[in-house]
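Input: a single structure, listed below in C-alpha cells.
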C-alpha cells in the first residue's frame with residue numbers, strides 16, 4: 019500500500035526524514051575566502067571537459083553548499099585520472115567545509131609535495147592547519163601562496179610573528195634535548211621564511227654555538243649586536259668571537275669600551291687583559307695563529323705555541339743531548355727541539371720519539387707550563403707539589419689551580435684534549451705569573 023504524505027504535519031514529520039536531497043545554501047561564510055577555484059595556480063592542464071566539470075562542481079559547493087554534487091564530480095574525475103590534482107583539492111575543500119581538517123591535510127600532502135606552488139591547494143592547507151592549531155604549517159602554506167592570493171598574503175602577515183616564535187622555540191627545545199638534527203631542521207625552516215628576522219638570527223646563534231661553529235655564530239652575533247647595541251651580553255659574546263675567529267682588533271675595542279664604562283668590574287678587567295693578549299697573537303706567524311684556533315692541538319702544535327709565546331723558550335739557554343728522530347721533517351722542528359732540550363716536553367728515551375702528531379692531553383700541557391713556572395727566580399709560592407720535578411696528576415692539578423693556570427680542579431681533566439684557545443689562555447696566565455705582559 020502506498021502512503022501519501024498529504025497533510026502538512028505529516029510532510030514535516032515523516033516524509034522529510036525519508037527523502038534525501040542536496041544541502042542548500044552557500045558554504046560557511048568564514049571558509050569562503052579560502053575556497054579558491056581548484057584550478058587557481060594549477061601549473062598543469064586538466065583538459066577542457068575536466069576544467070568545465072571542476073568549475074561547475076566548485077560553484078555548487080561554494081554558491082549552494084551542494085557538497086554531494088561536488089564530491090560526486092571529484093570522485094568521477096579521480097576514477098578516470100587518479101593523479102588529477104584539482105579533483106583532490108576539491109575533495110579537500112569539501113573536508114574543510116565539513117570541518118574535517120585532518121582529512122583535508124592528509125589529502126593535500128601529496129599534492130603540495132608534487133606541486134609546491136599550487137595556490138588553491140596551499141590556501142586550503144593553510145586554513146586547515148590553522149584550524150587545528152598548527153600555526154607553523156599554516157604560515158608556511160599561506161606564505162607560499164601569498165603571490166597568488168590576497169587572503170593568503172594577509173593571513174601570512176598576521177601569523178608570521180607567532181610562527182617564527184614557535185619554530186625558534188623548537189630550536190631551543192631540540193638543543194636542550196641534544197637533538198642537533200632537529201634543531202638544524204627547524205633553523206632551516208626559519209631561514210627559508212625570514213633569514214634576517216631576529217628570532218632566526220638568535221636561533222642561528224644558538225645552533226652555531228652548539229656545533230662549535232664560531233664563524234657562523236659570529237655572523238649572527240654581529241647582526242644582533244648591531245640591532246641591539248645596549249645588550250651587554252651580546253657585546254661580550256661578540257668580543258670573544260672576534261678575538262677567536264674574527265677581527266681581534268674589533269673584539270679588543272668592544273672590551274675597552276665596556277671596561278671604560280664599568281671600570282670597577284673585575285670580570286671585564288680580566289676579559290680585557292685576555293683580549294690584549296689575543297691581540298698580540300696577530301703579530302705571530304700565520305701557522306701559529308692558525309694553531310691557536312684549532313679545536314684540538316697535537317704535541318707538535320703545542321711545542322710551537324710555547325716557542326712563540328714564551329721569550330724564555332725562544333731565547334733561553336737550553337741543554338743538549340736529547341734527540342727526537344721523528345721530527346726532522348716536521349714544520350715545527352726548531353720549536354720541538356727547543357722545548358725538548360729545555361725539559362718542557364718529553365721524548366721516549368728508548369725509541370727517541372717525540373710523536374709530534376699525537377694528541378696533546380690537558381695534563382701534559384699543564385705539566386709543561388708548570389715546568390716553565392718552576393724555572394722562575396725566586397720560586398713561585400703557588401708551586402707546592404709538582405713544579406719542575408713533576409708529580410702525580412692530583413698534585414699537578416693542584417699546582418695548576420694555585421698558580422691560576424685553571425680556575426678549579428674540575429677543569430684539569432688529565433686525559434682530555436686541549437683546544438688552541440684553551441692552550442693560549444693557560445699560556446697567558448702562566449706569562450702573567452712570570453710577570454711577562
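Residue numbers (our numbering): 19 to 455.
Ideal Cβ positions, reconstructed from N, Cα and C, are used throughout, including at glycine.
So what does DSSP say about residue 435, is it helix, strand or coil?
Of the three classes helix, strand and coil, the one that applies to residue 435 here is strand, per DSSP.
In this structure, how does DSSP classify residue 377 when only helix, strand and coil are distinguished?
The answer is strand: DSSP assigns residue 377 an E or B state.
Would residue 122 pass as a contact of residue 154 if the rule is Cβ separation under 8 Å?
No, they are not a contact pair.
Please name the residue or residues paired with residue 316 in a DSSP beta bridge.
Answer is 377, bridged to residue 316.
Please go through the region 195–262 and give each complete alpha helix (DSSP H) segment of 4 or more residues, from N-terminal end onward.
The region 195–262 contains these whole alpha helix (DSSP H) runs: 198–211, 216–229, 232–245.
C-beta contact flag for residue 111 and residue 57 at 8 Å:
8 Å or more divides the Cβ of residue 111 from the Cβ of residue 57.
Rounded to a whole number of angstroms, what is the C-alpha to C-alpha distance between residue 465 and residue 240?
The structure shown does not extend to residue 465, since the chain is modelled only from 19 to 455, so the question has no answer here.
Report yes or no: do three or more beta-carbon pairs, one from the region 287–307 and one from the region 328–335, lie closer than 8 Å?
The region 287–307, when compared against the region 328–335, does not touch it at the 8 Å Cβ threshold.
Can the beta-carbon of residue 354 be found less than 8 Å from the beta-carbon of residue 367?
Annotated as distal: residue 354 and residue 367, with beta-carbon spacing of 8 Å or more.
Express the C-alpha separation of residue 360 and residue 461 in angstroms, rounding to a whole number.
This structure gives no information on residue 461, because the portion of the chain shown stretches from 19 to 455.
To the nearest angstrom, report how far apart residue 438 and residue 311 are at their CA atoms.
Going from the Cα of residue 438 to the Cα of residue 311 covers about 5 Å.
Would DSSP call residue 427 helix, strand or coil?
It is helical.
For the pair the region 191–210 and the region 246–256, tell me if three or more CB-CB distances fall below 8 Å.
Cβ pair count under 8 Å is below three, so no.
Test item: CB-CB of residue 431 and residue 390 under 8 Å:
No, these two residues do not count as a Cβ contact at 8 Å.
Could you tell me if residue 70 is buried or exposed, where buried requires 16 or more neighbouring beta carbons within 10 angstroms of its beta carbon?
Residue 70 comes out exposed.
Is the distance from the Cβ of residue 188 to the Cβ of residue 170 below 8 Å?
In this structure, residue 188 lies away from residue 170, with their beta-carbon atoms at least 8 Å apart.
Cα-Cα separation, residue 42 to residue 117
With a pLDDT of 42 at residue 42, under the threshold of 50, the modelled position of this residue cannot be trusted, and the question is left open.
For the pair the region 264–278 and the region 222–229, tell me if three or more CB-CB distances fall below 8 Å.
Under the three-pair Cβ rule at 8 Å, the region 264–278 does not count as touching the region 222–229.
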